[in-house]
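Mapped onto mature numbering (1 follows the signal peptide of the UniProt record, and there is no 0), the consecutive letters of the sequence shown carry residue numbers -24 to -1, 1 to 147. Using N, Cα and C, we set each Cβ at its ideal position, and we do this for glycine too.
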Amino acid sequence: MLRLFLPRSALLAACALVAGCSTATPRPSAKAAPADVDRIVYEIGPCRGTCPVYSVSIVADGITYFEGLQHTARSGRVPADGTPSLFAAVRDRLARVRPAHSETISHPQCTLYATDQQVVTVTWMGSNREPVSLAFDLGCRDERFAELRASLSAARRLLPVDAFVGRATDF
């Protein structure tokens, strides 16, 4: 009987080499591929007056931040209540109005227009794509933008910001 004495490190290296030649099919990762959209930022700009100016950022895992800029009950950036299901609800509510490329809808596109109104800007971000924004001037009163206005207002009502703004608003 022939006995080979190999140092332990050589034996481990040989086992690693043989294991590397295995033909087993690797198992797919349990982690899902990144979603198309994993962050939404909803911003309300200033008006000529005391309209609240703020932004809300929500990510797919539910982490949510409110940032009060002007005329809000809370100034600065603060955490807000959010959940993955809230993110999904906001994302789904805004899906119909999400443009393929960034877009601004303002005075030139509107026949019925009120000056000095706020602009709502929604930005969709994802790890697989460039950010896409939609800026809608609330002064635009054309009927053809009624669905857009309703979607933006409905998404705003889903977001947990009334306490930070200090009053209930449509936008």
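Straight-line Cα distance separating D113 from residue 149: Nothing about residue 149 can be reported from this structure: the residues present for the chain run from -24 to 147 only.
Alpha carbon of D12 to alpha carbon of C27, nearest angstrom: 33 Å
C-beta contact flag for V32 and L135 at 7 Å: yes
Rounded straight-line distance, which links the Cα of I20 to that of A131: 12 Å
Express the C-alpha separation of I34 and S51 in angstroms, rounding to a whole number. 18 Å
Is the distance from the Cβ of G25 to the Cβ of G38 below 7 Å? no
Taking its Cβ as the centre, do 16 or more other Cβ atoms sit within 10 Å of V96, making it buried, or is it exposed? buried
Ends of the beta strand (DSSP E) at F112? 105 to 113
With DSSP as the reference, identify every bridge partner of V32, one or two as the case may be. Y18, F42
What three-state label does DSSP hand V73 in the structure shown? helix
Which value, in whole angstroms, describes the spacing of the CA atoms of S129 and W100? 17 Å
Per DSSP, P55 forms a beta bridge with which residues? Y41
With distance defined between alpha-carbon atoms, name the residue in D146, Y41, R125 nearest to I16. Y41
With a threshold of 6 Å on Cβ separation, who are the neighbours of V73 within its own chain once the five nearest residues in sequence on each side are excluded? L124, S127
Between which two residues does the beta strand (DSSP E) carrying residue 189 extend? The chain is shown from -24 up to 147; residue 189 falls before or after that span and cannot be answered.
Output needed for V141: all residues of its chain with C-beta closer than 7 Å, excluding positions within five of it in sequence on either side, in chain order. P28, Y30, T48, A49
In the DSSP assignment, find the unbroken alpha helix (DSSP H) run with E79 in it and report its ends. Careful: E79 lies outside any alpha helix (DSSP H), inside the beta strand (DSSP E) at 79 to 81.
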